[in-house]
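Presented below is the structure to which this report refers.
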Amino acid sequence: MLKAILFDLDNTLLGNSMETFVPAYFQALTRYVAHLIPPDRLLTELLRATRAMEANDGNGPTNEEAFAALFYPAVGYERATLEPIFERFYAEEFPKLRSLTQARPEARPLVEWAFERGLQVVIATNPLFPRTAVEQRLEWADVPVTEFDYALVTSYEIMHATKAHPAYYREILARLGREPRECLMVGDDWEHDIAQAASIGIPVYWIADPGETPPSPSFHREDEMGTLVGQGTLADLWGWVKRR
Ligand SMILES: [Mg+2]
0 MLKAILFDLD NTLLGNSMET FVPAYFQALT RYVAHLIPPD RLLTELLRAT
50 RAMEANDGNG PTNEEAFAAL FYPAVGYERA TLEPIFERFY AEEFPKLRSL
100 TQARPEARPL VEWAFERGLQ VVIATNPLFP RTAVEQRLEW ADVPVTEFDY
150 ALVTSYEIMH ATKAHPAYYR EILARLGREP RECLMVGDDW EHDIAQAASI
200 GIPVYWIADP GETPPSPSFH REDEMGTLVG QGTLADLWGW VKRR
C-alpha cells in the first residue's frame with residue numbers, strides 16, 4: 000500500500016532545465032564573489048567540490064561537509080568568512096534566477112492530492128544545494144514549505160549521499176521508516192530518479208514524453224527491482240492519480 004511519495008523537483012514539479020539553470024547560477028555566484036576569488040578559480044573549485052559531493056555514498060559526512068572540506072581550503076578563505084557572503088547571495092541574487100524556470104500547473108494539485116491521501120510527501124531533489132535554494136524553488140513551483148508540511152526535503156545539509164548512489168534512497172527510507180514497496184518515486188532523470196530508486200525496489204514513475212524510449216540498461220535485476228508504474232508528463236501523472 001502506498002504510504003509515501005517522493006517528488007524530484009527540477010523538471011518534475013518545476014520546469015527547470017539544468018543545462019540553462021546551472022551555468023546561470025554559477026555565473027551569478029562567481030560574479031557575486033569576484034572581488035574575493037577570480038571567477039575561473041571559483042568555477043574550477045565549485046565543480047571539483049561538487050564532484051566530491053557526487054562521490055559521497057552514504058558512508059561519509061554530510062554532502063555539505065564533503066563540499067566544505069575541499070572547497071574552502073582550495074579557494075584560500077576561511078569558511079566563516081565566505082559562508083555569510085554565500086548566505087547573502089542566496090537572499091539577494093538567487094531569487095533572480097526564477098525567470099529561468101516555469102511553474103507547472105499540475106504541481107500544486109498533485110502535492111495537495113498526496114497530502115489529502117495522508118501520504119508522507121518527500122521533496123527528493125538531488126542534495127547538492129543548500130536548503131534555501133531548494134525552498135526558493137519550491138516556492139517558484141507553488142508548493143512552498145510554508146504551506147506544505149513535507150516529511151522530508153533533501154538538501155545538502157542533512158543528506159550523506161547524492162542521487163548517484165542508491166544510498167540516497169536508503170537514507171530517505173530510513174528517515175521515513177518505510178519499506179521500498181510503500182513508496183513511489185516520481186522524477187525525470189532516468190539514471191538518478193528511476194534506475195537508482197528502482198534498484199532498491201522503489202516503484203517509479205518516469206516524467207518523460209509518453210513516446211520516449213527508456214534508456215534501460217540499468218533495469219535488469221528484476222528480483223530486486225522496483226516497478227516502472229508509468230511514464231508521462233506531470234499532467235499525465237495527475238490524470239493517472241485522479242483515476243485511481
Ligand atoms: Mg529532475
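Just so we're aligned, residue 0 is where the sequence shown starts under numbering that gives the first Met the number 0, counting upward by one. Glycine is no exception: its CB is placed at the ideal position from the N, C-alpha and C atoms.
Take the Cβ of residue i as the centre, count every other Cβ of all protein chains shown within 10 Å, and call the residue buried at 16 or more, exposed below.
i, result
"G238", "exposed"
"S98", "exposed"
"G251", "With the chain covering 0 to 243 only, the question about residue 251 has no answer from this structure."
"H164", "buried"
"H219", "For H219, the pLDDT reaches just 48, beneath the cut-off of 50, and the residue's location in the model is therefore unreliable, although a value from the coordinates is still provided. Exposed is the call here."
"D188", "buried"
"G225", "buried"
"A54", "exposed"
"L35", "exposed"
"D222", "Low confidence applies to D222: its pLDDT is 49, below 50, so where it sits in the model is not reliable, and the reading given next is rough at best. When all chains shown are included, D222 counts as exposed."
"K162", "buried"
"E250", "Residue 250 falls outside the range modelled here, since the chain spans only 0 to 243, and no answer is possible."
"P179", "buried"
"R103", "buried"
"T19", "exposed"
"E170", "buried"
Mind checking whether residue i and residue j have CB atoms under 8 Å apart?
i, j, result
"D192", "G186", "yes"
"A166", "L96", "no"
"R136", "L13", "yes"
"L69", "L236", "no"
"T29", "L42", "yes"
"L233", "A106", "yes"
"E44", "A79", "no"
"E134", "V142", "no"
"E181", "M0", "yes"
"K2", "R174", "no"
"W205", "P214", "no"
"A194", "Q230", "no"
Hey, out of the options, whose CA is closest to residue i's CA?
i, options, result
"Q101", "N15, L69, T11", "N15"
"R87", "I157, Q230, V32", "V32"
"M184", "E156, A113, V133, E211", "A113"
"G57", "P38, M158, A140", "M158"
"A65", "V133, T19, A160", "A160"
"E111", "E134, P83, A140", "A140"
"E156", "G210, Q230, M52, A27", "M52"
"P38", "R50, F25, T49", "F25"
"P209", "Q195, A197, V228", "V228"
"L5", "E138, A196, P83", "A196"
"I84", "R50, E190, A27", "A27"
"S154", "E138, L172, A132, Y168", "A132"
task: Check whether the segment 87–100 touches the segment 44–62, taking contact to mean three or more Cβ pairs, one atom from each stretch, closer than 8 Å.
output: No: fewer than three Cβ pairs fall under 8 Å.
query: Near ligand 1, which residues have their beta-carbon closer than 7 Å to a heavy atom?
result: D7, L8, D9, N10, T11, G186, D187, D188, D192
- request: Inspect the CB distances between the segment 146–156 and the segment 108–126 and report whether three or more fall short of 8 Å.
  value: Yes, since at least three Cβ pairs between the segment 146–156 and the segment 108–126 fall closer than 8 Å, the two stretches touch.
task: Spell out a yes or no on whether the segment 123–142 and the segment 4–19 are touching, meaning 3 or more CB-CB pairs, one atom from each, closer than 8 Å.
output: yes
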